[in-house]
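**Q** Submitted below is the structure of interest, expressed as structure tokens.
In the working numbering, the protein residues as written are 6 to 298.
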């Protein structure tokens, strides 16, 4: 069965934020799961032990019952294995009241009564889950970044996936790619545009690539570029990054940037990675993206 983290707790304590964080960490997140569907979801996920599940279940879930939830988790192996974990998010009553007041949301158990009555009622209801939880997180004075650090420390290894790398070539005249994390300007290299027989071709053509690599500065530039990327990748992984976009630009986005992006993508493949290569402006003057096959 896939590893499973069930996130529950007090309404307003940050369950939605926790699920988003776990999703960023590589979990498949499902919120407000009815208890009746929990065994079925666990069975369906049984064949895929690589993608962990993060499930949001609390007093807003259909047919919610704390003891029933604990019984179902026990049948799924909680207590006998660390593959099923229960996380309880809590906060001081005053903090919960302020959050509901500021957002003008209705407390799920308050109905037509004051919010504070709903908080009191929910705290009594949720007491068995808090007592049984594998991890209790008080978010009263905790930022989202702080919550991320806690959840990543406990569960990051379960959802860790390979860093997804995209290499993009582009034309500066069409603007920088908005998604770029790293941008390299290769307009200093010899421009094939001024060679008549090369102008109609692209940087994917071996003749254009050879012309670009023939620039006296190219070999040292490529060595330093590859070394920098190799140096940064493990550090981005350690930071918890899941996506990285490396952009390479020249004037027209057709020759130099394409040739260098092709070389960088091949370097990453040689290291056992699977970069996605996009030549954004290769299809003429339009800034529309064109994925390289």
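Note that CB positions come from ideal geometry on N, CA and C, so glycine has one too. Model, not experiment: these values are computed from the prediction.
Using the C-alpha atoms, what's the distance from residue 278 back to residue 297?
**A** As a working mapping, residue 297 is identified with position 292 in the chain shown. As a working mapping, residue 278 is identified with position 273 in the chain shown. Note that residue 297 scores 32 on pLDDT, short of 50, meaning its location in the model is unreliable and no value can be drawn from it.
**Q** Roughly how many angstroms lie between the CA atoms of residue 172 and residue 205, to the nearest whole one?
**A** Start at 1 with the first residue of the chain shown, and residue 172 comes out as number 167. Start at 1 with the first residue of the chain shown, and residue 205 comes out as number 200. Rounded to whole angstroms, residue 172 to residue 205 spans 23 angstroms at the Cα level.
**Q** On a Cα-Cα basis, can you pick out the residue from 34, 188, 62 that is closest to residue 41?
**A** Counting from one through the chain shown, the residue named residue 41 turns up at place 36. For residue 41, the nearest C-alpha among the options comes from 62.
**Q** Using 10 angstroms around the beta-carbon of residue 95, count the other beta-carbons present and answer buried if the total reaches 16, otherwise exposed.
**A** As a working mapping, residue 95 is identified with position 90 in the chain shown. Looking at its Cβ environment, which holds 16 or more other Cβ atoms inside 10 Å, residue 95 is buried.
**Q** Are residue 189 and residue 251 closer than 9 angstroms when you measure CB to CB?
**A** Sequence index remark: in the chain shown, residue 189 carries index 184 (1-based). Sequence index remark: in the chain shown, residue 251 carries index 246 (1-based). The Cβ atoms of residue 189 and residue 251 sit closer than 9 angstroms to each other.
**Q** For residue 181, does the count of other Cβ atoms within 10 angstroms reach 16, so buried, or fall short, so exposed?
**A** Counting from 1 along the chain shown, the entry for residue 181 is found at position 176. It counts as exposed.
**Q** From the DSSP output, in three-state form, read off residue 86 for me.
**A** Walking along the chain shown from the start, residue 86 turns up at place 81. Looking at residue 86 - three-state DSSP - the assignment turns out to be strand.
**Q** Throw me the rounded Cβ distance for the residue 66 and residue 37 pair, which I believe falls under 8 angstroms.
**A** By 1-based counting over the chain shown, the position of residue 66 is 61. By 1-based counting over the chain shown, the position of residue 37 is 32. With a beta-carbon spacing of about 5 angstroms, residue 66 and residue 37 fall inside the 8 angstroms limit used to define contacts.
**Q** For residue 151 and residue 110, I'd like the C-alpha separation in whole angstroms.
**A** The residue given as residue 151 occupies position 146 in the chain shown. The residue given as residue 110 occupies position 105 in the chain shown. C-alpha separation (whole angstroms): 24 angstroms.
**Q** Is residue 209 closer than 9 angstroms to residue 270 when the C-beta atoms are compared?
**A** Walking along the chain shown from the start, residue 270 turns up at place 265. Walking along the chain shown from the start, residue 209 turns up at place 204. No, Cβ-Cβ distance for residue 270 and residue 209 is not below 9 angstroms.
**Q** Nearest-angstrom Cα distance between residue 212 and residue 255?
**A** Sequence index remark: in the chain shown, residue 212 carries index 207 (1-based). Sequence index remark: in the chain shown, residue 255 carries index 250 (1-based). Their Cα atoms are separated by approximately 18 angstroms.
**Q** What is the rounded straight-line gap between the Cα of residue 7 and the Cα of residue 24?
**A** Position 2 of the chain shown holds residue 7. Position 19 of the chain shown holds residue 24. Straight-line Cα distance between these residues: approximately 17 angstroms.
**Q** What separation, rounded to the nearest whole angstrom, lies between the Cα atoms of residue 75 and residue 281?
**A** Stepping through the chain shown from its first residue, residue 75 is reached at position 70. Stepping through the chain shown from its first residue, residue 281 is reached at position 276. Straight-line Cα distance between these residues: approximately 43 angstroms.
**Q** For residue 260, which three-state DSSP category applies?
**A** For the purposes of this step, residue 260 is identified with residue 255 of the chain shown, where counting begins at 1. In the structure shown, residue 260 sits in coil (DSSP, three-state: anything other than H, G, I, E or B).
**Q** In the DSSP assignment, find the alpha helix (DSSP H) that holds residue 74 and state where it starts and stops.
**A** Here residue 74 corresponds to residue number 69 of the chain shown, with the count starting at 1. 71-80 is the span of the alpha helix (DSSP H), which, as asked, contains residue 74.
**Q** Given that a residue counts as buried once 16 or more other Cβ atoms are within 10 Å of its Cβ, and exposed if not, what is residue 101?
**A** Looking up residue 101 in the chain shown gives position 96. Buried is the call here.
**Q** Take the Cβ of residue 13 as the centre, count every other Cβ of all protein chains shown within 10 Å, and call the residue buried at 16 or more, exposed below.
**A** In the chain shown, counting from the first residue as 1, residue 13 sits at position 8. Around the C-beta of residue 13, 16 or more other C-beta atoms lie within 10 Å, and the residue is accordingly described as buried.
**Q** If you draw a straight line from the C-alpha of residue 168 to the C-alpha of residue 116, how long is it?
**A** Residue 168 sits at position 163 when you count from the first residue of the chain shown. Residue 116 sits at position 111 when you count from the first residue of the chain shown. Taking the straight line from one Cα to the other gives about 45 angstroms.
**Q** Under the DSSP definition of a beta bridge, which residues are partnered with residue 60?
**A** As a first step, residue 60 is located in the chain shown; it is residue number 55 there, counting from the start. According to DSSP, residue 60 bridges with 11, 35.
**Q** Expressed to the nearest angstrom, what Euclidean distance is found between the alpha-carbon atoms of residue 68 and residue 77?
**A** As a first step, residue 68 is located in the chain shown; it is residue number 63 there, counting from the start. As a first step, residue 77 is located in the chain shown; it is residue number 72 there, counting from the start. Roughly 13 angstroms separates the two Cα atoms.
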